[in-house]
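Data first, discussion second: the structure below is written as structure tokens.
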Amino acid sequence: MRYCKYLSSENGTFLPRYALVEKRNGILWATLPMQAPQEDLTARILGGVPVPTLAVDFEPTPLDDLHLLPPVTPSKILCVGRNYRDHAAELGNEVPAEPLLFLKPPSSLLGPKGTIRIPAISNRVDYEGELGIVIGRRCYRIGPDEDVRPYIRGYVCVNDVTARDIQKSDSQWTRGKGFDTFCPVGPIVSDEIDPVGFGDKDPLPVTVTTRLNGIVKQQGSTRDLIFPIADLLRYITATMTLEPGDLIPTGTPAGVGAVQPGDRIQVEIDSLGVLENQFAAS
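Residue numbers for the sequence shown, in the working numbering: 10 to 291.
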């Protein structure tokens with residue numbers, strides 16, 4: 010299953026809607042209306058009144074012609090730091106002995122083609138292309154021999170934008186990672202990749218590629234994750250409950266770098282499309 014979230018104009022009102030997605034001649038299309046996931050109350054309630062969640066007069070449309078929204082509604086965005094050895098090394102950090110977790114607020118979410126605002130109080134803002142996990146079922150204390158795949162709804166492209174100077178100045182990373190617009194996500198959520206594997210089934214690695222103004226800056230494979238996806242979910246749920254819609258960016262490969270107003274950034278992952286955004290001064 011592949012799906013997107015977009016803004017639909019219906020009877021003079023703009024409503025968030027969902028649609029199933031398929032590829033036609035190499036282009037992603039929204040092809041069928043879809044019910045909103047259970048966690049997205051904004052797509053189910055308008056002015057305190059429940060509304061139908063299927064689009065009215067839906068017509069198949071290329072994704073590039075839609076006003077796309079972040080396709081996730083997480084109660085929390087739980088990120089993993091330094092999960093690629095080469096990225097830890099490029100910033101002069103040691104490889105962590107256990108997963109290094111931090112939170113970004115849901116207010117940092119941004120859709121495809123949205124503008125990432127560079128805060129005036131930061132002198133260096135970096136891109137960080139990542140594979141994100143979208144949780145599909147509530148999970149807590151996943152067992153050491155339990156298959157984690159039933160808890161995963163799908164995967165998505167994420168850009169963990171970071172005010173690097175602020176991150177380094179603070180003992181916690183919340184401020185440097187948590188500015189509004191600092192978590193672009195999209196364009197689709199898809200379960201048509203399997204970078205986990207279980208039992209006799211090996212993980213199928215995917216490649217994360219980030220381009221700055223059309224030039225490849227990052228290209229890493231999930232086969233190089235220090236803590237694979239199954240290990241991350243078991244580690245996280247030993248501490249906290251993950252809810253449907255929760256988003257887990259899994260770390261960024263080497264090649265992060267600073268941006269300037271006007272720069273265009275693209276994060277591309279196998280079968281998940283291209284997440285494109287532009288930077289601007291706030």
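Don't be surprised by glycine CBs; every beta carbon is placed ideally from N, CA and C.
Fair warning: this is a prediction, and the values are worked out from it, not measured in the lab.
Residue i burial status per 10 Å Cβ neighbour count (16 or more: buried)
i      : result
Gly123 : buried
Met43  : buried
Leu188 : A small correction: the amino acid at residue 188 is Phe; Leu does not occupy that position in the sequence shown. Looking at its Cβ environment, which holds 16 or more other Cβ atoms inside 10 Å, Phe188 is buried.
Thr219 : buried
Ser117 : buried
Asn92  : buried
Glu68  : exposed
Ile36  : exposed
Gln176 : buried
Straight-line Cα distance separating residue j from residue i
i      : j      : result
Gly229 : Leu256 : 20 Å
Ala64  : Glu48  : 18 Å
Asp272 : Glu155 : 43 Å
Asn102 : Asp203 : 30 Å
Pro25  : Ser17  : 6 Å
Gly90  : Thr70  : 37 Å
Leu281 : Leu29  : 13 Å
Gly152 : Leu242 : 10 Å
For residue i, the first and last residue of its enclosing alpha helix (DSSP H)
i      : result
Arg184 : 183-186
Leu242 : 238-246
DSSP bridge partner residues for residue i (one or two, in chain order)
i      : result
Ser17  : Leu24
Ile278 : Val217, Gly282
Gly229 : Val217
Thr259 : Paired residue(s): none; Thr259 is not in a bridge.
Leu119 : Pro193
Segment limits, beta strand (DSSP E) that includes residue i
i      : result
Asp73  : No beta strand (DSSP E) contains Asp73, which DSSP labels as neither H nor E.
Ala39  : 36-43
Arg94  : Premise fails: Arg94 lies in the alpha helix (DSSP H), 94-99, not in any beta strand (DSSP E).
Val65  : Here Val65 belongs to no beta strand (DSSP E), and DSSP marks it neither H nor E.
Gly90  : 86-90
Thr124 : 124-127
Worksheet entry | Inside the segment 138-225 only - alpha helix (DSSP H) runs reaching at least 4 residues | 173-178, 183-186
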